[in-house]
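Data first, discussion second: the structure below is written as structure tokens.
2 protein chains.
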Amino acid sequence: MSPRPFADRLAALVEERQSQVCLGLDPDPSRLDRDSAAAGGSVAERAADAVAAHCRSLIQRAGPVCVAAKPQLACFERLGPPGWAALNSTVAAAREAGLVVIADGERGDVPVSAAAYAQALFGSTPTPWGDVAGLEVDAATASPLLGSDSLEPLIEGAAEAGAGLFVLVRTSNLGAADLLDLPAPDAPLFERLAALVAGLADRLMGECGLSGTGAVIGATEPRHLSRLRELMPRSIFLVPGAGAQGGRAADLGPAFGEHPGSVLVTASRSIAGAPDPAAAASELRAELWALAGG
Amino acid sequence: MSPRPFADRLAALVEERQSQVCLGLDPDPSRLDRDSAAAGGSVAERAADAVAAHCRSLIQRAGPVCVAAKPQLACFERLGPPGWAALNSTVAAAREAGLVVIADGERGDVPVSAAAYAQALFGSTPTPWGDVAGLEVDAATASPLLGSDSLEPLIEGAAEAGAGLFVLVRTSNLGAADLLDLPAPDAPLFERLAALVAGLADRLMGECGLSGTGAVIGATEPRHLSRLRELMPRSIFLVPGAGAQGGRAADLGPAFGEHPGSVLVTASRSIAGAPDPAAAASELRAELWALAGG
Numbered sequence: 001m002s003p004r005p006f007a008d009r010l011a012a013l014v015e016e017r018q019s020q021v022c023l024g025l026d027p028d029p030s031r032l033d034r035d036s037a038a039a040g041g042s043v044a045e046r047a048a049d050a051v052a053a054h055c056r057s058l059i060q061r062a063g064p065v066c067v068a069a070k071p072q073l074a075c076f077e078r079l080g081p082p083g084w085a086a087l088n089s090t091v092a093a094a095r096e097a098g099l100v101v102i103a104d105g106e107r108g109d110v111p112v113s114a115a116a117y118a119q120a121l122f123g124s125t126p127t128p129w130g131d132v133a134g135l136e137v138d139a140a141t142a143s144p145l146l147g148s149d150s151l152e153p154l155i156e157g158a159a160e161a162g163a164g165l166f167v168l169v170r171t172s173n174l175g176a177a178d179l180l181d182l183p184a185p186d187a188p189l190f191e192r193l194a195a196l197v198a199g200l201a202d203r204l205m206g207e208c209g210l211s212g213t214g215a216v217i218g219a220t221e222p223r224h225l226s227r228l229r230e231l232m233p234r235s236i237f238l239v240p241g242a243g244a245q246g247g248r249a250a251d252l253g254p255a256f257g258e259h260p261g262s263v264l265v266t267a268s269r270s271i272a273g274a275p276d277p278a279a280a281a282s283e284l285r286a287e288l289w290a291l292a293g294g
Numbered sequence: 001m002s003p004r005p006f007a008d009r010l011a012a013l014v015e016e017r018q019s020q021v022c023l024g025l026d027p028d029p030s031r032l033d034r035d036s037a038a039a040g041g042s043v044a045e046r047a048a049d050a051v052a053a054h055c056r057s058l059i060q061r062a063g064p065v066c067v068a069a070k071p072q073l074a075c076f077e078r079l080g081p082p083g084w085a086a087l088n089s090t091v092a093a094a095r096e097a098g099l100v101v102i103a104d105g106e107r108g109d110v111p112v113s114a115a116a117y118a119q120a121l122f123g124s125t126p127t128p129w130g131d132v133a134g135l136e137v138d139a140a141t142a143s144p145l146l147g148s149d150s151l152e153p154l155i156e157g158a159a160e161a162g163a164g165l166f167v168l169v170r171t172s173n174l175g176a177a178d179l180l181d182l183p184a185p186d187a188p189l190f191e192r193l194a195a196l197v198a199g200l201a202d203r204l205m206g207e208c209g210l211s212g213t214g215a216v217i218g219a220t221e222p223r224h225l226s227r228l229r230e231l232m233p234r235s236i237f238l239v240p241g242a243g244a245q246g247g248r249a250a251d252l253g254p255a256f257g258e259h260p261g262s263v264l265v266t267a268s269r270s271i272a273g274a275p276d277p278a279a280a281a282s283e284l285r286a287e288l289w290a291l292a293g294g
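Residue numbers (this note's numbering), protein chains in the order written: chain A, 1 to 294; chain B, 1 to 294.
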């Protein structure tokens, strides 16, 4: 039996919770309280335990008004093996809170290595001693720099697992203009990437009309949104950069397609750093739901 | 005191060993013998132990005729926390064999996340309980898709650690043509990337005249090599795709600059899969050394 497509699972959750908020988890151990880790264990273990507890707490507080959680993988990797264990624990906490989990690692590599990333993210790895489960996340971010054959194993792995893939199309950082906005030759490179994503939409299509072949589109350049929606009518947009990076949720109207689940807006620092994370997430949720015509 | 630059450490090793061979480590646990893991522990732990032992054995056999080892991170990540521990152990084994270690993860992200990757790869992460050391590798591969500000924290982290950074410029897979060969608008995108790399060369310059701001250039399209060398006269080229992917070492002459350390050729399956890995590495070493005019 095929697993239920990511797009359908997300779309149902968006309608149920009337929310398009994705909780970004970018834990910085240097900002945690010294008292937040139990005594004992190595420094890495203590830091990883504190990071896992911090993420779990954020998920418990802000999770109920969100639909997704997006752990940023580097923030866990930098703590070594205990950091990877904290990532597993954070994925589990998000799932318990009913959130879809988007692993944000922006992976991309030649096909044989991309297949290994697919196992790490969506599937499992066969070994002579049995299968080793990967993160088993609901979706992941991916870099398309190496072209379509590099995305293929990730799409394939996502399809088998009923997962989604958010391909970087126009990111939120200033330097994105260096390459993604280059005319290549007749239209910006990001339009080429959008066409690549649209061409893969059928592969992760849900019954709701949305595709789990999604796109990462920064909130910092809202003038591109309507063109990108036109080029990728079915794709779910994962939109970072509202809040701390200067983008404004109010400008995101043109990002929406017909379905309220067509956009997820990620917020990290603006939720985690707020005095009341649940209130900050709630406010963003209401603003977006109004935009989506909910 | 500043650490000795990567370019100088590598250049000295290349001259000492008369070798430009980089041992690619892409361990696939499904190909290992069932007897290669000790009994006990979880499936992931057994598989990770077997992977670490396999890599250590390859390093011991082929390492003496190589100058670098390049673990492919996905192959370790897919085994979870024990996989990350096996990566640490593989990095240590390569260092004991006198090799420089290149972490092949093709990371690239917005600046705040790129800084976290720099900590994971080259530096350490401050926490209230002390610093957590990262992989502390000698170099890493990086994706430039997000533009110059996304590379900046990786270059900065590499500079502080005396490490190198190999930026993807023209990869070895077929799909590389989809984007990297696009005219953007007057020259292929990869030439833009080459200019970006050349512009960062001073930041990791060694006294030997080579820069640790390197480039990943696939062996599968040798017609681009002389132009890329012209655009990046000081950069060390990391060249995958000779051997199993169809590129030929004999075609790599135009990749070389003035210094024999200006090119590293990675070989994974063609060494690991050979009946005698040391002999396979030796053969490649001799072929390259002759090409470099050694």
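Note that the Cβ used here is the ideal one computed from N, Cα and C, for glycine as well.
Which complete alpha helix (DSSP H) runs does the stretch 162-221 of chain B hold, if anything under 4 residues is left out?
176-179, 189-199
Once the 5 residues before and after residue 100(B) are set aside, which same chain residues still bring their CB inside 6 Å of it?
10, 68, 138
Is residue 240(A) near residue 282(A), with beta carbons less than 8 Å apart?
no
Which residues share a DSSP beta bridge with residue 263(B)?
237(B)
Under three-state DSSP, which class holds residue 109(B)?
coil
Thinking C-alpha only, which one of 131(A), 28(A), 58(A) is nearest residue 280(A)?
58(A)
Going by C-alpha to C-alpha distance, which of 45(A), 211(A), 222(A), 5(A) sits closest to residue 133(B)?
45(A)
Taking the DSSP output, what are the residues bridged to residue 104(A)?
72(A)
Would you kindly check if the distance between the Cβ of residue 175(A) and the Cβ of residue 148(B) is under 8 Å?
yes
If you run the structure through DSSP and keep just helix, strand and coil, what is residue 27(B)?
coil
Near-chain A residues of the stretch 37-71 of chain B - C-beta to any C-beta below 7 Å:
37, 43, 44, 46, 47
Which residues, in chain order, does the stretch 163-180 of chain B contribute to contact with chain A at a C-beta distance below 8 Å?
168, 171, 172, 173, 174, 175, 176, 177, 178, 179, 180
Does the Cβ-Cβ distance between residue 98(B) and residue 163(B) come in under 8 Å?
no
If you check the beta carbons only, do residue 84(A) and residue 84(B) fall under 8 Å apart?
yes
Here's the rule I'm using: 16 or more other beta-carbon atoms within 10 Å means buried, otherwise exposed. How should residue 275(B) be labelled?
exposed
Cβ contact (3+ pairs, closer than 8 Å) linking the stretch 29-37 of chain A and the stretch 105-116 of chain A
no
Test item: CB-CB of residue 91(A) and residue 121(A) under 8 Å:
no
So what does DSSP say about residue 66(A), is it helix, strand or coil?
coil
Could you name the residues of the stretch 191-215 of chain B whose beta carbon sits closer than 8 Å to any beta carbon of chain A, in the order they occur along the chain?
192, 193, 196
Can you name, in chain order, every residue of its own chain whose Cβ lies under 6 Å from the Cβ of residue 38(A), other than the five neighbours on each side?
none
Compare the beta carbon distance of residue 284(B) and residue 102(B) with 8 Å and say whether it is the shorter of the two.
no
Find the residues of chain B that neighbour residue 189(A), judging by a C-beta separation of less than 8 Å, and give them in chain order.
179, 182, 184, 189
With burial defined as no fewer than 16 other Cβ atoms inside 10 Å of the residue's Cβ, what is the status of residue 191(A): buried or exposed?
buried
Distance cutoff 8 Å, beta carbons only. Does residue 2(A) sit that close to anything in chain B?
no
I'd like the list of long-range same chain contacts for residue 219(A), defined as Cβ closer than 8 Å, with 5 residues on each side in sequence excluded.
172, 239, 240, 241, 242, 245, 247, 248, 249, 251, 252, 265
Less than 8 Å between the CB atoms is what I'm expecting for residue 257(A) and residue 229(A), so what's the real figure, rounded?
6 Å
Only counting the same chain, and skipping five residues up and downstream in sequence, which positions put a Cβ closer than 7 Å to that of residue 62(B)?
23, 271, 277, 278, 281
Looking only at its own chain, which residues have a Cβ that is under 7 Å from the Cβ of residue 184(A), when we skip the five neighbours before and after it?
192
Residues that residue 85(A) contacts on chain B, provided the C-beta gap is smaller than 7 Å
81
Using a Cβ cut-off of 8 Å (strictly closer), state whether residue 98(A) contacts chain B.
no
First through last residue of the alpha helix (DSSP H) which encompasses residue 82(B)
80-96
Buried or exposed for residue 214(A), please, with buried defined as at least 16 other CB atoms from any protein chain shown within 10 angstroms of its CB.
buried
With distance defined between alpha-carbon atoms, name the residue in 17(B), 216(B), 3(B), 186(B) nearest to residue 255(B).
216(B)
Which one or two residues does DSSP pair with residue 131(A) in a beta bridge?
126(A)
Where residue 247(B) falls: helix, strand or coil (DSSP):
strand
Starting from the beta carbon of residue 149(B), find every residue of chain A whose beta carbon is closer than 7 Å, and list them in chain order.
173, 174, 175
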